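Input: a single structure, listed below in structure tokens.
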Ligand SMILES: [Zn+2]
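Numbering (the working numbering), first residue to last: 1 to 131.
Structural data, given as structure tokens:
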């Protein structure tokens, strides 16, 4: 991200989201480790970007209680960040690259390996190519 002002705004938004616990799962990645994804100029971030809501028994509807996750996400996207969902992506333990863990198509295949029960690495790191 070349624009210093945009970079500062992204930092402030992320700091706010963490401080106020708006995006508890917010995570930043160093790069994409998934085939078909180009690294954006801005940051690669994952979180739960959905509005928070609760069930209103009286009206039997879900009522939005906090729309900051989506609004912050919209702003981050406009500032050049690439947004992913925290339940579909995780980080390579070696290079902090973004690894897709949920299929996005019928032909999708994992680009990661489990080195042991709790260590996930991208295939590049597993083959020793990233460092
Ligand atoms: Zn890696």
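Ideal Cβ positions, reconstructed from N, Cα and C, are used throughout, including at glycine.
Since we're looking at a predicted model, the values are computed, not measured.
For residue i, is the classification buried or exposed, using 16 other Cβ atoms within 10 angstroms of its Cβ as the cut-off for buried?
| i | result |
| --- | --- |
| residue 64 | exposed |
| residue 69 | buried |
| residue 131 | Residue confidence for residue 131 is low, a pLDDT of 48 falling below 50, so the modelled location carries little weight and cannot support an answer. |
| residue 42 | buried |
| residue 128 | exposed |
| residue 82 | buried |
| residue 13 | buried |
| residue 132 | There is simply no residue 132 to check, as the chain begins at 1 and stops at 131 in what is shown. |
| residue 97 | buried |
| residue 84 | buried |
| residue 79 | buried |
| residue 75 | exposed |
| residue 118 | exposed |
Return the chain-ordered list of same chain residues with a C-beta closer than 7 Å to the C-beta of residue i, the five sequence neighbours on each side being excluded.
| i | result |
| --- | --- |
| residue 17 | 23, 26 and 72 |
| residue 88 | 100, 101 and 102 |
| residue 86 | 25, 27, 46, 47 and 48 |
| residue 90 | 99, 101 and 120 |
| residue 113 | 121, 123 and 126 |
Please go through the same chain and pick out, in chain order, the residues whose beta-carbon is closer than 6 Å to the beta-carbon of residue i, but skip the five residues on each side of it.
| i | result |
| --- | --- |
| residue 56 | 63 |
| residue 67 | 51 |
| residue 123 | 111 |
| residue 92 | 33, 99, 121, 122 and 125 |
| residue 94 | 121 and 125 |
Going by DSSP, name the residue or residues bridged to residue i.
| i | result |
| --- | --- |
| residue 121 | 113 |
Would you say the beta carbon of residue i comes nearer than 6 Å to a heavy atom of ligand 2?
| i | result |
| --- | --- |
| residue 41 | No copy of ligand 2 occurs in the structure displayed; its ligands are ligand 1 alone. |
Tell me which same chain residues have a C-beta within less than 8 Å of the C-beta of residue i, skipping the five on either side of it?
| i | result |
| --- | --- |
| residue 38 | 32 |
Would you list, in sequence order, the uninterrupted beta strand (DSSP E) runs of no fewer than 3 residues that lie entirely inside the region 22 to 106? If we require 3 residues or more, the beta strand (DSSP E) runs fully inside the region 22 to 106 come out as 27 to 29, 44 to 47, 52 to 56, 61 to 66, 82 to 85, 89 to 91 and 98 to 100.
Starting from the N-terminal end, write out each residue whose C-beta falls within a distance shorter than 7 Å of any non-hydrogen atom of ligand 1. 33, 92, 94, 95, 97, 121, 122, 124, 125 and 130
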